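Colleague:
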Amino acid sequence: MLGLIKKDLLMIKGNIKTLAIIFVVFTIMAINGNGNFAFIPAFMSVMIVMSTFSYDEYNKTDGFITSLPNGKKNAVKSKYISTLIIISVSIILTVIMTMIIGISQNSLDFKEILYTTLGCFAAMLILQSVLYPVIYKYGIEKSRIGIFVGVFGISSIAALLMKSDLKIQIPPAIITLLNHYWMIILPIVVVIVLLLSYKISEHLYLKKEF
Amino acid sequence: MKNAIEINNLVKKYDPKFKLGDIDLKIPSGVIVGLIGENGAGKTTLIKSILNILHIDSGNIKIFGKDYKKQESTIKEDIGVVLDDMFLPEILFVKDIDSIMKDVYKNWDSSAYSDYLKDFGINPNKQIKTLSKGMRKKLEIATALSHHAKLLILDEPTSGLDPVVRSEVLDIFLKFISDEDHTILLSTHITSDLEHIADNIIFIDKGKIVLEDTRDGIMDNYGVLKCDIDYFKNIEKEDIISYRKNKYDYNILVKDKEKISKKYKNCIIDKVTLEDLMVLMIKGGE
């Protein structure tokens, strides 16, 4: 499995320069402005790992991988793990970035950094969890349009809902529970969603023919 | 002799139009087997089935007497593959393959890999996508050979290569097969390659094995009888496997050419090439 993880990491090695430039640009933008750009490196990382699907598909690499020892068994697992590695690295970058912004604005707030980091991490893992089964089902080329429509659609609807006067009735007990225990609930939910997504992707992959 | 590959009643349906099967096949260790047939005949489907890349509908495949259901990764440790158009992403560098494969195959041999690269003149610091088609094929072959496989399964390993590179590649295969435990199954539509190196020939047409014999058996037994239209009328139907009408004469595929040449004394029987055999059997009339 290590070999396949290496394959993904080596594939994005070429993108590191681009990533570094984007990272620097957004850090400068964040320092000068008020916007919160903390999620950018993490989001970029998911996009970059997704590009590995394109290269795999273009060279029909999955056919080759399934001819290797344990290839079929480890293909999906290694893709999930290499994505986790990339997201984690980008989260570390996010922490550094938020700290730089905090120091430059004399408002270093560790609690906020912790919240931003956890929020980003959870959001990217959920994004990965939703996207990967779609990619494994339809292939990256076909999925791409769907993914963009999906991501922007969901965020637009969410934005509209937040702006509108529509008040969703959530029982106060649940709100209290979320307020107090979100640091426990969020990781549990994320882990469950991620595992579920992995199982679905693996099932789809094993059914596929290359 | 132990069988490297043993297939019983293999059936693989793709869509209502294509079915591979029923295939029964035994490939002994120590030989080069050439798989021939026109495009779409089922060569790649058979190869992918043997590699357990496809889900077969029924049948049983054993490699070195082992079953995929129980020992898939053990089996694949001993197989080197070159698939027609499937390989690692071309964005990777040649040297990356070494670092990936040493964590894939237990027996991966980095120094063997770098020796092959040197022999083939492939620069390890190049990106795969910058290699020419021939170099790329050689890289795939180097990758297939660098974990001391016992069985090479090669789908069209010489297609798109110029004659010089092709003969180099064939020499590599001959070197590999000089170890008597080693076996090669190789599909190609460049049949002349097989006339040089193959021990056995398997001919697939429309998903079925239509001919399975040793190369010498085919070359010694089969022949192409050439005659004009008047003579053609005198030839008994049972002596004709298939025939093709040309502008001025008839080409007839015959078996047991010694007997046939005694029977029809006034005509010429040429040596058969695998290409003649393929074309006559697929396109000829009966």
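These protein sequence lines map, in sequence, to chains X and E. So the first sequence is residues 0 to 209, counted in numbering that gives the first Met the number 0. So the second sequence is residues 0 to 285, counted in numbering that gives the first Met the number 0. C-beta: ideal position from N, C-alpha, C; glycine also. Bear in mind that the values here come from a model prediction, so they are computed numbers and not experimental data.
1) Cβ of X:Ser-66 less than 8 angstroms from any chain E Cβ?
2) Where does the unbroken alpha helix (DSSP H) through E:Lys-136 begin, and where does it stop?
3) Just checking: is the beta-carbon of X:Thr-82 within a distance shorter than 8 angstroms of some beta-carbon in chain E?
4) What do you reckon, are the CB atoms on E:Leu-160 and E:Ile-196 nearer than 8 angstroms?
5) Contact criterion: CB-CB distance below 8 angstroms. Does X:Glu-201 meet it with respect to chain E?
6) Which parts of the stretch 183 to 257 of chain E are runs of the beta strand (DSSP E), unbroken and 3 residues or longer, counting only runs that do not cross its ends?
7) Does the Cβ-Cβ distance between E:Leu-50 and E:Ile-208 come in under 8 angstroms?
8) Count the other C-beta atoms from every protein chain shown that fall within 10 angstroms of the C-beta of X:His-179, then say buried if there are 16 or more, exposed otherwise.
9) At a Cβ threshold of 8 angstroms, is X:Lys-59 touching chain E?
10) If you reduce the DSSP assignment to three classes, tell me which class E:Leu-58 lands in.
11) To the nearest angstrom, report how far apart X:Ile-156 and X:Met-46 are at their CA atoms.
12) Which residue from E:Lys-262, E:Ser-241, E:Leu-273 puts its Cα closest to that of E:Met-280?
13) Any idea which residues DSSP pairs E:Asn-7 with across the strands?
14) Would a C-beta distance cut-off of 8 angstroms place X:Ile-80 and X:Phe-120 closer than the cut-off?
15) In chain X, what lies closer than 9 angstroms to E:Val-93 by C-beta?
16) Within a Cβ cutoff of 7 angstroms, which residues of the same chain sit near E:Pro-156, ignoring the five residues on either side of it in sequence?
17) Pull up the DSSP beta-bridge partners for E:Phe-323, would you.
18) Nearest-angstrom Cα distance between E:Tyr-249 and E:Tyr-230?
19) How close, in whole Å, do the beta carbons of X:Val-94 and X:Thr-116 come, if the pair is a contact with beta carbons under 8 angstroms?
20) Tell me which same chain residues have a C-beta within less than 8 angstroms of the C-beta of X:Lys-206, skipping the five on either side of it?
21) What distance in whole Å lies between the Cβ atoms of E:Asp-118 and E:Ser-109, which are believed to be in contact at a cut-off of 8 angstroms?
22) Quick one: is X:Glu-140 near chain E, going by C-beta distance under 8 angstroms?
23) Determine which residues share a DSSP beta bridge with E:Phe-17 and list them.
24) Give the DSSP-derived three-state secondary structure of X:Asn-221 in the structure shown.
25) Are the beta-carbon atoms belonging to X:Leu-107 and X:Pro-40 less than 8 angstroms from one another?
26) Could you give the DSSP three-state label for E:Pro-156: helix, strand or coil?
27) For E:Asp-77, which residues of its own chain have a beta-carbon under 8 angstroms away from its beta-carbon, when the five flanking residues on both sides are left out?
28) Which value, in whole angstroms, describes the spacing of the CA atoms of E:Asp-215 and E:Val-271?
29) Which residues of the stretch 53 to 79 of chain E have a Cβ closer than 7 angstroms to any Cβ of chain A? Give them in chain order.
30) Closer than 8 angstroms, Cβ to any Cβ of chain X: which residues of the stretch 107 to 131 of chain E, in chain order?
31) Return no unless some Cβ of chain X is closer than 8 angstroms to the Cβ of E:Phe-17.
32) In the DSSP assignment, what are the bridge partners of E:Val-81?
33) Can you tell me where the beta strand (DSSP E) with X:Leu-107 in it begins and where it stops?
34) In the DSSP output, what is E:Thr-268 paired with across the bridge?
35) Residues of chain E with CB closer than 9 angstroms to the CB of X:Asn-105, please, in chain order.
36) So E:Thr-190 and E:Glu-274 are supposed to be a Cβ contact under 8 angstroms. How far apart are they, rounded?
Modeller: Taking the structure as given:
1) yes
2) 132 to 144
3) no
4) No, Cβ-Cβ distance for E:Leu-160 and E:Ile-196 is not below 8 angstroms.
5) Chain E contact via Cβ: absent.
6) 199 to 204, 207 to 213, 222 to 226, 241 to 244, 249 to 253
7) no
8) exposed
9) yes
10) First, the amino acid is wrong: residue 58 of chain E is Gly here, not Leu. It is a strand residue.
11) Cα to Cα, X:Ile-156 sits roughly 22 angstroms from X:Met-46.
12) E:Ser-241
13) For E:Asn-7, which the question treats as bridged, DSSP gives the partners E:Asn-59.
14) no
15) By Cβ distance, chain X contributes nothing, its closest Cβ being about 12 angstroms from E:Val-93, past 9 angstroms.
16) Val-81, Lys-136, Ile-140, Val-168, Leu-185
17) Given that chain E is displayed from residue 0 to residue 285, the structure contains no residue 323 of chain E and the question cannot be resolved.
18) 9 angstroms
19) 6 angstroms
20) Cβ contact annotation for X:Lys-206 (same chain, cutoff 8 angstroms, sequence separation greater than five): none.
21) Contact flag wrong, Cβ pair sits at about 15 angstroms.
22) For X:Glu-140, not one C-beta of chain E is nearer than 8 angstroms to its own C-beta.
23) E:Asp-14
24) Any answer about residue 221 of chain X is impossible in this case: the structure gives chain X only from 0 up to 209.
25) Going by C-beta atoms, X:Leu-107 is not nearer than 8 angstroms to X:Pro-40.
26) coil
27) Ile-62, Phe-63, Ala-148, Lys-149, Leu-150
28) 11 angstroms
29) Absent from the structure: chain A. Protein chains present are X and E.
30) none
31) Chain X contact via Cβ: absent.
32) E:Leu-153
33) It is not in any beta strand (DSSP E) - X:Leu-107 carries neither H nor E in the DSSP assignment.
34) First, the residue type needs correcting, since residue 268 of chain E is Ile and not Thr in the sequence shown. DSSP, once it has assigned bridges, lists E:Leu-224 as partnering E:Ile-268.
35) By Cβ distance, chain E contributes nothing, its closest Cβ being about 44 angstroms from X:Asn-105, past 9 angstroms.
36) 5 angstroms
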